[in-house]
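A.B. asks:
Numbering (the working numbering), first residue to last: 321 to 574.
1. Do residue 513 and residue 541 come within 8 Å of each other at the CB atom, strictly closer than that value?
2. When burial is assigned at 16 or more other CB atoms within 10 Å of the CB, is residue 417 buried or exposed?
3. What does the alpha-carbon distance come out to for the pair residue 380 and residue 474?
4. Would you kindly report the start and end of the unbroken alpha helix (DSSP H) that includes residue 422?
5. Based on DSSP bridge pairs, tell me the residues matched to residue 547.
6. Looking only at C-alpha atoms, which of 340, 472, 461, 329 sits nearest to residue 442?
7. Which value, in whole angstroms, describes the spacing of the CA atoms of residue 543 and residue 511?
8. Quick one: is residue 464 buried, meaning 16 or more other Cβ sit within 10 Å of its Cβ, or exposed?
9. Let me make sure I understand the geometry here. Which of 572, 322, 528, 538 has the alpha-carbon closest to that of residue 558?
10. Apart from the five residues just before and just after residue 358, which ones in its own chain have a Cβ nearer than 8 Å to its Cβ?
11. Could you check the C-alpha separation between residue 433 and residue 457 for me, to the nearest Å?
12. Pick helix, strand or coil for residue 512, following the three-state DSSP scheme.
13. Give the DSSP-derived three-state secondary structure of residue 565 in the structure shown.
14. Go ahead and label residue 414 buried or exposed: buried means 16 or more other beta carbons lie within 10 angstroms of its beta carbon, across all protein chains shown.
15. Alpha helix (DSSP H) containing residue 383: first to last residue?
16. Apply the 10 Å Cβ neighbour rule to residue 545 and answer buried if 16 or more other Cβ atoms are within range, or exposed otherwise.
17. Taking residue 538 as part of the beta strand (DSSP E), name the residues at either end of that continuous run.
18. By a C-beta neighbour count over all protein chains shown, 10 Å radius and 16 as the cutoff for buried, is residue 446 buried or exposed?
19. Using a Cβ-Cβ cutoff of less than 7 Å, which residues in the same chain neighbour residue 407 once the five nearest sequence positions on both sides are dropped?
20. Helix, strand or coil: which one does DSSP assign to residue 337?
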């Protein structure tokens with residue numbers, strides 16, 4: 321039996337796919353404005369894409385911004401994500417700093433989930449997972465391919481590796497070049513979910529061609545999807561209000 325992930329009062333892996341909305345502000349004032357706006361939105365989780373933040377390379381300033389965000393989003397599950405440039409993010413930092421940042425943030429008690437990229441130093445990943453779990457923080461282990469869609473076998477292999485390393489939520493996002501690529505991602509999701517996963521997984525095919533994967537994830541086994549409030553953090557994200565309606569409709573039909 322697959323376990324679910326209970327984050328505050330949101331049970332990921334049970335029922336309809338959960339909706340996460342990214343915050344992409346560059347300054348504290350922008351982040352506070354974004355957070356206040358997100359309080360008015362029907363969402364399940366918020367992801368702070370800290371790679372957009374102008375002071376991301378100063379840990380104390382990151383913590384200060386985090387305190388301000390949490391003061392507004394008091395009860396909302398919060399994912400902390402530094403997305404590297406090589407996986408579609410805004411900037412690159414040294415790997416040692418990347419892990420130090422995530423460990424320091426895990427200790428604050430202000431975030432619920434951290435996102436770590438699969439293609440990083442494995443010993444560092446394992447060490448971070450231990451640190452996060454000691455502080456009651458869950459871990460997404462993610463992989464993003466903005467150029468192509470790997471083979472079904474490769475997608476499954478990456479998700480399984482994320483699970484083997486101890487990630488609470490294995491995640492992969494890929495770019496389709498044609499509709500067959502979207503079917504590859506959905507088939508891989510279904511096979512991973514049915515045959516290998518013992519925990520919730522997150523998958524998506526990006527851009528316009530892949531939008532069906534963001535809507536019908538529950539059918540194939542993906543437990544979380546990303547929607548846009550004002551500015552999308554990745555191509556193909558659907559406005560949250562429309563996304564909720566569609567997810568409810570699909571869930572009610574299953």
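The beta carbon of each residue, even a glycine, is placed where N, CA and C say it ideally should be.
C.D. replies: So, from the listed chains and residues:
1. yes
2. exposed
3. 39 Å
4. 415-426
5. 558
6. 461
7. 14 Å
8. buried
9. 528
10. 341, 343, 366, 393, 396, 549
11. 5 Å
12. helix
13. helix
14. exposed
15. 379-392
16. buried
17. Where residue 538 is concerned, there is no enclosing beta strand (DSSP E), although the alpha helix (DSSP H) it sits in stretches over 537-540.
18. exposed
19. 437, 464
20. coil
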